[in-house]
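Visitor: In our numbering, the protein residues as written are 2 to 350.
For every residue, glycine included, the Cβ atom is placed at its ideal position computed from N, Cα and C.
In this text the structure is predicted, and so the values were computed from the model without any measurement.
Okay, here's the structure, questions in a sec.
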């Protein structure tokens, strides 16, 4: 009975000891001294408390005393193990791997994708000269124009809404999504078109089947079915969201960084796509497989100011077929980056 009790204690000690514990009950204990509940070898280094046990049966009181002192024993063993691990050098590890014919691999690797269209991304932080340029852009006449993309102009006053925690205005969101769409058709990118905020305002006012849509689309020189992805910014008074029309997956998606949804918005855009099929393709009813989808598993904002930045980044990431894996912590960096991109009219990543 004592023997099995002893083995149970021994198994516990083996789990925390850096070296195997001798389970031979008939060992010679004459060279082992004990003090404060744990043992020392002849060289003075701590080992386990098992050496204290005698070959003959012992009392439960003795075992209880050993177990009572177990925390101090464990601390001593961990201290010894830590010192041993710290002494192991990188060269020793590399040498060992070499003997096993294993080459150490770098932990930095490109993001893997199941889609060939995804491109390897890199984290980009503005360098000194670029940061200086960003600072200079924010200083001066607020009405100074920085040009336009298509019919989307931009001024210093607009760009300044990217400073700090300011809410983004329509001009910044429209300009940035136009910048994203300008990559449309280039190698490795989807064919993307970005509507301005005016589109959804008109859709809300006139409805999806108004006769003016044909004239409006013709004047804007838009052939909806030529694109893979349509980006539609939604401005709801004090909040930004992004709606998409994906012709590849036949999905109308709603991206809201607060996790909200808007069934009325999705319904109007669905009816608009249905109207486009009927008038431009003479396909009625709408082809099977189309659906509306509020997107839930997406990055969420942690404040009341960055919804516009989230909407712009949703558009950029979706257009490039990147996974939506950015976070709130990146928003200050994105704001600076967007200032630089809008001013230079070139996306830097």
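Using a Cβ distance threshold of 8 Å, determine whether the region 191-202 contacts the region 333-349, with at least three qualifying pairs required.
Guide: no
Visitor: Take residue 299 and list the residues in its own chain whose beta-carbon comes closer than 7 Å to its own, dropping the five residues that flank it on each side.
Guide: Position 298 of the chain shown, counted from the start, is the residue given in the question as residue 299. Closer than 7 Å at Cβ, skipping near neighbours: 256 and 325.
Visitor: Using only the alpha-carbon positions, how far apart do residue 296 and residue 260 sit?
Guide: In the chain shown, residue 296 corresponds to position 295, counting from 1. In the chain shown, residue 260 corresponds to position 259, counting from 1. In this structure, the alpha-carbon of residue 296 lies about 8 Å from that of residue 260.
Visitor: For residue 164, name the three-state secondary structure that DSSP assigns.
Guide: Position 163 of the chain shown holds residue 164. Residue state, collapsed to three classes: coil.
Visitor: When you compare the CB positions of residue 311 and residue 302, do they come within less than 8 Å of one another, or not?
Guide: Position 310 of the chain shown, counted from the start, is the residue given in the question as residue 311. Position 301 of the chain shown, counted from the start, is the residue given in the question as residue 302. A contact, by the Cβ cut-off of 8 Å.
Visitor: Taking C-beta to C-beta, are residue 195 and residue 173 nearer than 8 Å?
Guide: Locating residue 195 in the chain shown gives position 194, where the first residue counts as 1. Locating residue 173 in the chain shown gives position 172, where the first residue counts as 1. Cβ distance not < 8 Å, so residue 195 and residue 173 don't count as in contact.
Visitor: In chain order, what are the residue ranges of uninterrupted alpha helix (DSSP H) at least 4 long that sit wholly in the region 122-200?
Guide: 129-138, 157-160 and 171-182
Visitor: Confirm the yes/no value for this check: CB of residue 150, any heavy atom of the ligand FAD, distance under 7 Å.
Guide: For the ligand FAD, the structure offers nothing, since it holds no ligand at all.
Visitor: When DSSP labels each residue in this structure, what does residue 292 get in the three-state scheme?
Guide: Start at 1 with the first residue of the chain shown, and residue 292 comes out as number 291. Note: residue 292 maps to strand in three-state DSSP.
Visitor: Grouping DSSP H, G and I as helix and E and B as strand, with all else coil, what is residue 233?
Guide: Start at 1 with the first residue of the chain shown, and residue 233 comes out as number 232. Strand at residue 233.
Visitor: Quick check: the Cα distance between residue 137 and residue 321, rounded to an integer number of angstroms?
Guide: Residue numbering aside, residue 137 sits at position 136 when the chain shown is read from its first letter. Residue numbering aside, residue 321 sits at position 320 when the chain shown is read from its first letter. Going from the Cα of residue 137 to the Cα of residue 321 covers about 30 Å.
Visitor: DSSP three-state label for residue 255, please.
Guide: What you label residue 255 is simply residue 254 of the chain shown in a count that begins at 1. In this structure, DSSP gives residue 255 an extended state, which the three-state scheme calls strand.
Visitor: Identify which residue in 226, 334, 350 and 317 has its Cα closest to the Cα of residue 179.
Guide: To locate residue 179, count along the chain shown from 1; it is residue 178. For the residues 226, 334, 350 and 317, the minimum Cα distance to residue 179 belongs to 317.
Visitor: Starting from the C-beta of residue 213, find all residues in its chain whose C-beta is less than 7 Å away, skip the five residues before and the five after it, and write them out in chain order.
Guide: By one-based count along the chain shown, residue 213 stands at place 212. Once the five neighbours on either side are set aside, the close Cβ partners of residue 213 are 207.
Visitor: Using the Cα positions of residue 150 and residue 304, report the straight-line distance between them to the nearest angstrom.
Guide: For this step, residue 150 is matched to residue 149 along the chain shown. For this step, residue 304 is matched to residue 303 along the chain shown. Those two C-alpha atoms are separated by around 30 Å.
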